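Let me begin by presenting the structure, written as structure tokens, before commenting on it.
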Amino acid sequence: MSVTLDSNQWNLVYNVFSFGLISMLACTVYTLVSQARVLPKYRNALVMSSMVTFIAGYHYWRIFNSFGE
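Using our numbering, read the sequence shown as starting at 16 and increasing by one per residue.
What follows is the structure in structure tokens.
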């Protein structure tokens with residue numbers, strides 16, 4: 016199924032994917048850097064959050080790259 020987008024729609028989708036990708040990667044970096052400022056019993060939660068947002072960012076990156084094709 017092929018969908019035809021005009022330039023405004025294409026720019027909107029492009030910008031949404033860009034924002035989502037950067038948000039996920041920024042959250043990953045933030046949670047990794049914040050580990051030193053939390054109690055040790057909560058650090059595992061930050062590691063898991065980092066992994067989840069990194070994987071989500073990777074998926075957004077793959078979708079973002081396939082969108083231009």
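A virtual CB, placed ideally from N, CA and C, is assigned to each residue, including glycine. Note that the structure is a prediction, hence the values are computed from the model and not measured.
With distance defined between alpha-carbon atoms, name the residue in PRO55, TYR75, LEU54, THR43 nearest to LEU36. Taking the first residue of the sequence shown as position 1, residue 36 is located at position 21. Ranking PRO55, TYR75, LEU54, THR43 by Cα distance to LEU36 puts TYR75 first.
Taking DSSP as the reference, what is the three-state secondary structure of LEU40? Position 25 of the sequence shown holds residue 40. Under the three-state reduction of DSSP, LEU40 is assigned to helix.
Comparing C-alpha positions only, which one of LEU47, VAL67, TYR29 sits nearest to SER81? For the purposes of this step, residue 81 is identified with residue 66 of the sequence shown, where counting begins at 1. Minimum Cα distance to SER81 is reached at TYR29.
With a CB to CB cut of under 7 Å and the five nearest residues on each side skipped, what residues in its chain are close to GLN50? As a working note, residue 50 is residue 35 in the sequence shown. Cβ neighbours of GLN50 within its own chain (closer than 7 Å, five residues either side excluded): ARG58, LEU61.
Counting only the same chain and skipping the five closest in sequence on each side, list residues whose C-beta sits under 6 Å from that of ALA71. Taking the first residue of the sequence shown as position 1, residue 71 is located at position 56. Excluding residues within five positions, the ones whose Cβ falls inside 6 Å are MET39.
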